[in-house]
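Student:
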Amino acid sequence: MSGEYPALLKKRALSMLRLAERLLGEGEYDLVVLHSEYAVQLYLKALLYRLTGEEYRGHNLRALLGALAAVLEEKGFREQAGAVIDFVRRFRRELSELEEGHIRSVYGVYEYADYQARRLLESAKRVIELLKRIEEEVFREHAMAP
């Protein structure tokens, strides 16, 4: 199951991202934000599981990114850990808004506007691109090690 579970989470994450893009075209801005946040959360958890073999239960994106940086550092991937830390510092506000969107999009008293949904969807894509790059680097290096 070790390879199946993260693959399933990744599949769901990318499906959520595609769904968010489709919902944007349909004007369902709250759902765009919800699915964008879920996409990031699932991709992060897939990568963490792949690196550690452990399930991560939290929902806070910045905490999950912090856990990823710590795991990468612990496993000797200092450059990738630094990239995660730098990303969190540069995009702290966007990450916070994406986290908040998980609750606000379902229970909030206001609806998201088109421009807000677009911005948060782009933020989600940016995080997932970072995670994909790190995953490729880590597992390419790992495959070459004896």
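The numbering of the sequence shown is my numbering, which starts it at 1 and goes up by one.
Just so it is clear, CB atoms sit at the ideal spot from N, CA and C, and this is done for glycine as well.
(1) The alpha helix (DSSP H) spanning residue 97 covers which residue range?
(2) Just how far apart, CA to CA, sit residue 15 and residue 127?
(3) Rounding to the nearest angstrom, what Cα-Cα distance links residue 125 and residue 103 in this structure?
(4) Take the Cβ of residue 115 as the centre, count every other Cβ of all protein chains shown within 10 Å, and call the residue buried at 16 or more, exposed below.
(5) Hey, out of 44, 30 and 49, whose CA is closest to residue 100's CA?
(6) If we count Cβ pairs, one from each stretch, closer than 8 Å, do we get three or more for the stretch 33-50 versus the stretch 63-78?
(7) Within its chain, find whatever has a CB closer than 8 Å to the CB of residue 88; leave out the 5 residues flanking it on each side and keep chain order.
(8) Quick check: what's the CA-CA separation for residue 140 versus residue 77?
(9) When you compare only the Cα positions, how much space is there between residue 119 and residue 4?
(10) According to DSSP, is residue 10 part of a helix, a strand, or is it coil?
(11) Going by other Cβ atoms of all chains shown within 10 Å of its Cβ, with 16 needed for buried, is residue 109 buried or exposed?
(12) Does the beta-carbon of residue 106 have 16 or more other beta-carbons within 10 angstroms, so that it is buried, or is it exposed?
Tutor: Looking at the atomic coordinates:
(1) Against the sequence shown, residue 97 aligns to sequence position 97. Taken as a continuous stretch (DSSP letters only), the alpha helix (DSSP H) holding residue 97 covers 92-107.
(2) If you number the sequence shown from 1, residue 15 lands on position 15. If you number the sequence shown from 1, residue 127 lands on position 127. If you take the alpha carbons of residue 15 and residue 127, they lie about 15 Å apart.
(3) Taking the sequence shown and counting its residues from 1, the one referred to as residue 125 is at position 125. Taking the sequence shown and counting its residues from 1, the one referred to as residue 103 is at position 103. Cα to Cα, the separation comes out at about 19 Å.
(4) Against the sequence shown, residue 115 aligns to sequence position 115. With fewer than 16 neighbouring CB atoms inside 10 Å of its own CB, residue 115 falls in the exposed class.
(5) Counting from 1 along the sequence shown, the entry for residue 100 is found at position 100. Cα-wise, what sits closest to residue 100 is 30.
(6) By the Cβ criterion, the stretch 33-50 is in contact with the stretch 63-78, since at least three pairs of Cβ atoms, one from each stretch, lie closer than 8 Å.
(7) For this step, residue 88 is matched to residue 88 along the sequence shown. 62, 65, 66, 69 and 95, listed in sequence order.
(8) Working through the sequence shown from its first residue, we reach residue 140 at position 140. Working through the sequence shown from its first residue, we reach residue 77 at position 77. When rounded, the distance between both Cα atoms is 12 Å.
(9) Reading the sequence shown from its first residue, position 119 is the one you call residue 119. Reading the sequence shown from its first residue, position 4 is the one you call residue 4. Approximately 32 Å between the Cα atoms of the pair.
(10) Position 10 of the sequence shown, counted from the first residue, corresponds to residue 10. Here residue 10 sits in helix by DSSP.
(11) One-based indexing of the sequence shown puts residue 109 at position 109. Exposed, by the Cβ-count rule.
(12) As a first step, residue 106 is located in the sequence shown; it is residue number 106 there, counting from the start. Exposed is the call here.
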